[in-house]
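Student:
Protein chains in written order, with the working numbering: chain A, 685 to 1240; chain B, 685 to 1240.
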């Protein structure tokens, strides 16, 4: 079997101007970045503002195995299948972070015959957006420490700085550090830490901003720390929102590439799906809708995290109108939810499969509670038996649930025609009655209870003493009307990664809040959330190299 | 008077394909990065390997004032003037670092009517080269700490790690840090520090590599630290030279832009001129020579630092054959060397000017000792009086020194015609008998004595106990046959920044060595060398912003 990079490198890409032409972009509405990538000016949005939006399709999944269930691959495959049907489809995806690329084998650009290209570029520095975000984040850190060093006019309490530095790498040694050592000329010593760039609030802001000025406004609202008496200190107080906006202005233009079947794909932004909302940029999604008849996008992790946030946060803020949701399920993940250990997932096990379907069932109910029509996509793996696939199909049809088998890794768009047909049928019926699950004016506890009960199936919610105190502070600061962004394990519907399937009668514990006032949401932490991954003993980087022709080796 | 950014923004740039055409590049030998930037494939060098190299002109200066003497401006102006004369000229410059851009007003892209454009892009993220270097540098740090965390097979002594992390920002709080805190799951605590990216050895390697494979070889030789018994541990020992090369492969393609008069300019790499050699990449210089009849390049700081290293390190390693050197002098810097305080430099002072000429005299002798013909370029400022300019001209002609007045800031290439004519005359005479000042096989002490005496005018050289011990270690490790890279203040010919003019009878003190085995030189530190700048109380960033059309405000 060929690897993803082998398949990608055999594709004869079309020059990016041809892809721009498919989208009807005018010459001054895009800029080339190499021969096969382009940055799209936001000007086309103005030109097309009267045009009716294309139909927005959201791809999500059940709770995944650690290897992921091929959500990006299905997203790309569906986009290609729609294209094959003659629909003008545009795919919108997240940009990969270099941390995981160097750390663990596995791309973020789809796979097989359903991937975006040039995958080598996309998985390395791409057009530099994430580097721009790293730079803006760390420039803000430098401005904070310099402000204190130069007299601390704002009265920042060095022990209450909440703004961390970032690198776009897996680097556990930077999780907890002390900076400012070396005496009076080197700064003021204090505890600090680094996150991976995709966990930066600037990444979340970047992905929720409507335009450059909206981004500037959001940047100005970032709370970097607190004074001795607990008053928030913002970027506006430091006066550097203009400089940060300047550092990010080119990055804010979405990136155009193509799939291996030449379907246009816009790849832009990539926030974490736990402490942030886990979707590509709002601008990219809106642009895909404006330029296509169908816009296919995805949200991180399972429907309990990514889709919930796409619908309650991104769609609400961006006034998006999703038409159909695709819920990706795999036989192996369902068997895992039915109790099969990782090592045995390749063996047929109808009983475990049936037991694991409870997980799918819960996600179906969640999507229904948002008022959205949906299709279950079975992303087939070579180890899945016909009996297993049929058992899942039967389960769906007994419940009146639309289901489609997809083989997009192996067959590209052709492997996703059944799914595409069902998506189009549902989208044309236009039976969506989408609305977010809660009102932003609800109390913080009510918003969290709504998500915990309706999406996770929890019995109730518990708050630590710290979390209770923080709710009071958030209310006192006037921030309680923001949506809630839940940071929870992706492996379980509960806050315990070991509780697979469909846990019941559990209590969700909120341990801490992290207000992301610039992004515009309140992060509620449940359990441990790692915002800086580490490298394994044998990181993927050990096999990477460049051949004599300058081509990547060992990237995937 | 208009600002640099106002002048730059009024220029009607030519599409970059037209500039590529001027250079005779074939379509597959360059890639667009936006409409006015391109990355150049190294393939053209192969195609043109039989073509005779263009004439290489090096621009250097006397010891500068803190504001700089307009070396980049003269370099650009000279390139434009040669172009105006009908010569096919190509300019090769360094890429600016974001740290100074955000920190202090003042660009690195020339000025007035002798600057490179698009200056906004070039001064911000440009094509991402420096970000790629930051990422490779910090990936190596993550690999080192992970290696120790995962069992430390190489036996690295955590107290003897010499590889530091970097950010491309002015951030004094990162000069000295402790990383790896937080307990057994977060790493191994140790002292660390951050440099600004341009001080990374990877930047020096990037700028001295002949091609991708040579860069890979140099990366593998980087010494990251030592074992408990003092044996060096290299990147090759960690097995990550392939991954680092992969991260840098696209960045290694030089960047093509244009000047305000549409002269082609290649901007690539930008190492410090104290702990590194301070010149744009060797590949860029060679490419400029291959593609042009005249290649005009510069070296950082004054001739004692930049030109010395260009000639003893870069030209030696790259087998370059410089034809003519331009020594930039300004009336105000000469007056400073003659004892006038900064505040009074705008007032006529013929006597101080005469006294300050001793500084110029020393640099002239230095260039002569390399066997190179030269022209003194008087970079005229509006405050210079005719009497002052004439005094300097007279001083030169009395000594048979060629001199030209340049007004390239105000008049572009037209303001540099006198200089261009003299440069062409000298280049066509081809009277260069260039050779480096020392042999690499000389002892370390002999090499340093040679530079100290012939270039700085020192009486003798003193070594601290640490430096003496390090010489023994360097010899024991078999590294003594490398050229020496002196880290010294740029303000004085001596190691004391306050000794202006032409100090005599002074002793140079070498305090420490930092072997840069990947770059291929031994850094000898004299005095304090700051490898991470700090921000001022009112950094330039406070005035930066973006206007409603997405254009930069307050960049310069």
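Every residue gets a Cβ at the ideal spot worked out from N, C-alpha and C, and that includes glycine.
In the DSSP assignment, the alpha helix (DSSP H) including residue 807 of chain B goes from what residue to what residue?
Tutor: 803–807
Student: Along the chain, where does the beta strand (DSSP E) containing residue 890 of chain B start, and where does it finish?
Tutor: Careful: residue 890 of chain B lies outside any beta strand (DSSP E), inside the alpha helix (DSSP H) at 885–892.
Student: Looking at residue 895 of chain A and residue 826 of chain B, is the spacing between their C-beta atoms short of 8 angstroms?
Tutor: no
Student: In whole angstroms, what separates the C-alpha of residue 861 of chain B from that of residue 1141 of chain A?
Tutor: 45 angstroms
Student: Between which two residues does the beta strand (DSSP E) carrying residue 1208 of chain A extend?
Tutor: 1205–1209
Student: Which residues in chain A have a C-beta closer than 9 angstroms to the C-beta of residue 807 of chain B? List them in chain order.
Tutor: Proximity of chain A to residue 807 of chain B at the Cβ level (cut-off 9 angstroms) is not reached, the minimal Cβ distance being about 10 angstroms.
Student: Output needed in chain order: residues of the region 833–852 of chain B with a Cβ under 9 angstroms from some Cβ in chain A.
Tutor: 833, 834, 835, 849, 851 and 852
Student: Going by Cα to Cα distance, which pick from A/728, A/966, A/997 and A/1037 is closest to residue 1205 of chain A?
Tutor: A/997
Student: For residue 875 of chain B, which of helix, strand or coil comes out of DSSP?
Tutor: Three-state DSSP puts residue 875 of chain B in a strand.
Student: Using a Cβ-Cβ cutoff of less than 8 angstroms, which residues in the same chain neighbour residue 919 of chain A once the five nearest sequence positions on both sides are dropped?
Tutor: 824, 903, 904, 905, 906, 908, 925, 928 and 1202
Student: Quick one: list the residues of chain B neighbouring residue 1223 of chain A, beta-carbon separation under 9 angstroms, in chain order.
Tutor: 826, 827, 830, 924 and 927
Student: Quick check: the Cα distance between residue 786 of chain A and residue 1225 of chain A, rounded to an integer number of angstroms?
Tutor: 5 angstroms
Student: For residue 846 of chain A, collect the residues of the same chain with a Cβ closer than 6 angstroms to its Cβ; drop the 5 residues on either side in sequence, then sort them by chain order.
Tutor: 909
Student: Assuming contact is defined by CB atoms lying nearer than 8 angstroms, are residue 972 of chain B and residue 983 of chain B in contact in what I supplied?
Tutor: no
Student: In chain A, what lies closer than 8 angstroms to residue 1043 of chain B by C-beta?
Tutor: In chain order: nothing, as chain A lies at least about 30 angstroms away.
Student: Counting pairs of beta carbons, one from the region 708–727 of chain B and one from the region 1049–1065 of chain B, are three or more of them closer than 8 angstroms?
Tutor: no
Student: Is the region 768–779 of chain B touching the region 1073–1091 of chain B in the sense that three or more CB pairs, one from each, lie closer than 8 angstroms?
Tutor: Between the region 1073–1091 of chain B and the region 768–779 of chain B, the count of C-beta pairs closer than 8 angstroms stays below three; the two stretches do not touch.
Student: Kindly say whether residue 822 of chain B, judged by its beta-carbon, lies nearer than 8 angstroms to any beta-carbon of chain A.
Tutor: yes
Student: From what residue to what residue does the beta strand (DSSP E) around residue 745 of chain A run?
Tutor: 739–745
Student: Comparing C-alpha positions only, which one of A/1049, A/882, A/985 and A/958 sits nearest to residue 952 of chain A?
Tutor: A/882
Student: Just the chain A side, please: which residues come within less than 7 angstroms of residue 861 of chain B by C-beta, in chain order?
Tutor: Within 7 angstroms Cβ-Cβ: 861, 862, 863 and 865.
Student: Would you say residue 952 of chain A lies against chain B (beta-carbon separation less than 8 angstroms)?
Tutor: Cβ-Cβ to chain B under 8 angstroms: no for residue 952 of chain A.
Student: Exposed or buried, what is residue 1041 of chain A when buried is set at 16 or more other beta-carbons lying within 10 Å of its beta-carbon?
Tutor: With 16 or more Cβ atoms within 10 Å of its Cβ, residue 1041 of chain A is classed as buried.
Student: Is it the case that the Cβ atoms of residue 859 of chain A and residue 1216 of chain A are separated by a distance below 8 angstroms?
Tutor: Yes; because the gap between Cβ atoms is below 8 angstroms, this pair is in contact.
Student: Which residues of chain A have a Cβ atom closer than 7 angstroms to the Cβ of residue 942 of chain B, listed in chain order?
Tutor: Neighbours of residue 942 of chain B across chain A, judged by C-beta separation under 7 angstroms, do not exist; the nearest C-beta is about 16 angstroms away.
Student: Along the region 692–720 of chain B, where does the CB come closer than 8 angstroms to a CB of chain A? Name the residues.
Tutor: 715, 716, 717, 718 and 719
Student: Taking CB distances under 8 angstroms as the criterion, tell me whether residue 730 of chain B reaches chain A.
Tutor: no
Student: Below 8 angstroms between beta carbons is the criterion; list the residues of the region 1110–1139 of chain A that meet it against any residue of chain B, in chain order.
Tutor: none
Student: From A/840, A/833 and A/709, pick the residue whose C-alpha is nearest to that of residue 868 of chain A; which is it?
Tutor: A/833
Student: To the nearest angstrom, how far is it from the Cα of residue 968 of chain A to the Cα of residue 1139 of chain B?
Tutor: 57 angstroms
Student: Looking at the unbroken beta strand (DSSP E) that takes in residue 1098 of chain B, where does it start and where does it end?
Tutor: Per DSSP, residue 1098 of chain B belongs to no beta strand (DSSP E) and is neither H nor E.
Student: Using a C-beta to C-beta distance shorter than 7 angstroms, which residues of chain B count as neighbours of residue 933 of chain A?
Tutor: The contacting residues are 1230 and 1234.
Student: In three-state terms, what does DSSP make of residue 845 of chain B?
Tutor: strand
Student: Output the residue ranges of the beta strand (DSSP E) runs that lie fully inside the region 998–1068 of chain A and measure 3 residues or longer, sorted by chain position.
Tutor: 1006–1013 and 1058–1063
Student: Measuring alpha carbon to alpha carbon, tell me which residue in B/760, B/707 and B/931 is nearest residue 744 of chain B.
Tutor: B/760
Student: Which one or two residues does DSSP pair with residue 979 of chain B in a beta bridge?
Tutor: B/740 and B/774
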